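*Asks:* Every position in the sequence shown, counted from 1, becomes a number in my numbering once 257 is added.
Just so you know, even glycine gets a beta-carbon here, dropped at the ideal spot from N, CA and C.
Please read these numbers as outputs of a predicted model, since none were measured by experiment.
Okay, here's the structure, questions in a sec.
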Amino acid sequence: MSVDLGIPAVRTRPIAKRRVSRQIMVGPVPVGGDAPVSVQSMTTTLTADVNATLQQIAELTATGCQIVRVAVPSQDDADALPAIARKSQIPVIADIHFQPKYVFAAIEAGCAAVRVNPGNIKKFDDKVGEIARAASDAGVPIRIGVNAGSLDPRLLAKYGKATPEALVESALWECSLFEEHGFRDIKISVKHNDPVVMIQAYRLLAEQCDYPLHLGVTEAGPAFQGTIKSAVAFGALLAEGIGDTIRVSLSAPPVEEVKVGAQILESLGLRERGLEIVSCPSCGRAQVDVYTLAEQVQAGLTGLKVPLRVAVMGCVVNGPGEAREADLGVASGNGKGQIFVRGEVIKTVPESQIVETLIEEALRLAEEMGVEVDLDDEAGGPEVVVR
Ligand code: SF4
């Protein structure tokens, strides 16, 4: 008899009723409304270096990134935009600070959207009409990207610091300037490095408008800290149905941001799960080296992009239960491993053959699912989930 351990199935029920938002199109990717929450990232190359930027975009695309942003701080970067926008496989957003002229260059270059931070564009208000017209004519949405570190000086003076209210007031004020020109093709972000302030700001914003929201914890820090902060903040908001696209900001290669973003969405059942390794944390009862076993299975299956859950368990306490509930699993003990496939024990193998047997069976299941098995692709490998 199979015992229900409460492990989520590959397709889970939505975690929350989605906040009602209008939908915009970032190139071919819908954002807001009932569109799936998308993952985006930002290149770290010099945008003017077209080849390096396209190479990084290709890596991000292979990892599951759906929208990419490039910084445009100089004329050389603006000049590179047409080639990047044309050759990128995913929509490109131009990130503009300080110089309104690059907004027009990005729209002309065929970028899918433009991000502006009104707080640091001098005389931005005077340019809004012109920007709204150009964006509207080209069908290009604008992200109003308010950031705690570059809040509009007027609001900084009013609130004393970047409070949730200040961030939201800044964003909605800038939206109202666009709205005066009939432009509503907007998404908004109100980022802060403190997840608590960030969560409060997005909650407030979600109540006050129906624009799609781009979630981000800005300057979240190095990989470990940034991952925790982003997972906590995005998790809290997405669990309330708030958030339409996410960008994890890490002081780490952008591919890592995409992996974290995708994993957050998968964990919440907001993106179809890929290969997932469920391994126990090990304890004094373990009869095998679970860490090594899990690592070897993960390494052996890197690149396999199928919704398979593989359980690697250290002993017979929880092992058979977890292994039975997974698509494939092993419960180890006494120098042997009981191999489970779809809830049934198919064989018992010596410990030395556990890894190769799990890999063999995973590939067989993947082929049964009609998936072409290609393990050469290093990007987007399976994640290890420790239970
Ligand atoms: S499955 Fe066994 S070895 Fe692993 S954590 Fe649980 S009790 Fe410990």
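With a threshold of 7 angstroms, establish whether the CB of residue 591 neighbours any heavy atom of the ligand SF4.
*Replies:* Counting from 1 along the sequence shown, the entry for residue 591 is found at position 334. Checking the Cβ of residue 591 against the ligand SF4 gives no.
*Asks:* Beta-carbon within less than 7 angstroms of residue 353's beta-carbon, same chain only, minus the 5 sequence neighbours each way: which residues are those?
*Replies:* Reading the sequence shown from its first residue, position 96 is the one you call residue 353. Hits under 7 angstroms: 329, 359, 360, 363, 371, 372 and 373.
*Asks:* What residue does the beta strand (DSSP E) around residue 446 start on, and which one ends it?
*Replies:* In the sequence shown, residue 446 corresponds to position 189, counting from 1. Element bounds for residue 446: 443-448.
*Asks:* Quick check on the burial criterion: 16 or more other C-beta atoms within 10 angstroms. Buried or exposed for residue 482?
*Replies:* Residue mapping note: residue 482 aligns to position 225 of the sequence shown, counting from 1. It is exposed - the Cβ of residue 482 has fewer than 16 other Cβ atoms within 10 Å.
*Asks:* Does the distance between the C-beta of residue 487 and the nearest non-hydrogen atom of the ligand SF4 fall short of 7 angstroms?
*Replies:* Position 230 of the sequence shown holds residue 487. It does not: the Cβ of residue 487 is nowhere closer than 7 angstroms to a heavy atom of the ligand SF4.
*Asks:* Based on Cα-Cα distance, which residue from 537, 535, 520 and 536 lies nearest to residue 529?
*Replies:* For this step, residue 529 is matched to residue 272 along the sequence shown. Taking only the C-alpha atoms, the option nearest residue 529 is 520.
*Asks:* Taking DSSP as the reference, what is the three-state secondary structure of residue 484?
*Replies:* If you number the sequence shown from 1, residue 484 lands on position 227. Looking at residue 484 - three-state DSSP - the assignment turns out to be helix.
*Asks:* Does the separation of the CB atoms of residue 314 and residue 307 fall below 8 angstroms?
*Replies:* Position 57 of the sequence shown, counted from the start, is the residue given in the question as residue 314. Position 50 of the sequence shown, counted from the start, is the residue given in the question as residue 307. Cβ atoms of residue 314 and residue 307: not closer than 8 angstroms.
*Asks:* Exposed or buried, residue 582, counting other C-beta atoms within 10 Å across all chains shown (16 or more means buried)?
*Replies:* As a working note, residue 582 is residue 325 in the sequence shown. By the 10 Å Cβ count, residue 582 comes out buried.
*Asks:* Under a Cβ-count criterion, where at least 16 other Cβ atoms within 10 Å of its own Cβ denotes burial, should residue 348 be classed as buried or exposed?
*Replies:* Walking along the sequence shown from the start, residue 348 turns up at place 91. Burial call: buried.
*Asks:* Measuring only the C-alpha atoms, how far is residue 393 from residue 272?
*Replies:* Residue numbering aside, residue 393 sits at position 136 when the sequence shown is read from its first letter. Residue numbering aside, residue 272 sits at position 15 when the sequence shown is read from its first letter. The alpha-carbon atoms of residue 393 and residue 272 are separated by roughly 35 angstroms.
*Asks:* Give me the Cβ distance between residue 509 and residue 490, rounded to the nearest whole Å; I'm assuming they're in contact under 8 angstroms.
*Replies:* One-based indexing of the sequence shown puts residue 509 at position 252. One-based indexing of the sequence shown puts residue 490 at position 233. With 8 angstroms as the limit, residue 509 and residue 490 do not qualify as a contact, their Cβ atoms being about 17 angstroms apart.
*Asks:* Can you tell me whether residue 297 is helix, strand or coil according to DSSP?
*Replies:* Stepping through the sequence shown from its first residue, residue 297 is reached at position 40. The answer is strand: DSSP assigns residue 297 an E or B state.
*Asks:* What would DSSP say about residue 468, mapped onto helix, strand or coil?
*Replies:* Numbered from 1 along the sequence shown, position 211 holds the residue referred to as residue 468. Of the three classes helix, strand and coil, the one that applies to residue 468 here is coil, per DSSP.
*Asks:* Is residue 278 helix, strand or coil when you go by DSSP?
*Replies:* Translated into positions along the sequence shown, residue 278 becomes position 21. Note: residue 278 maps to coil in three-state DSSP.
*Asks:* So is the beta-carbon of residue 581 under 7 angstroms away from any non-hydrogen atom of the ligand SF4?
*Replies:* Within the sequence shown, the letter at position 324 stands for residue 581. Residue 581: no, Cβ never under 7 angstroms from the ligand SF4.
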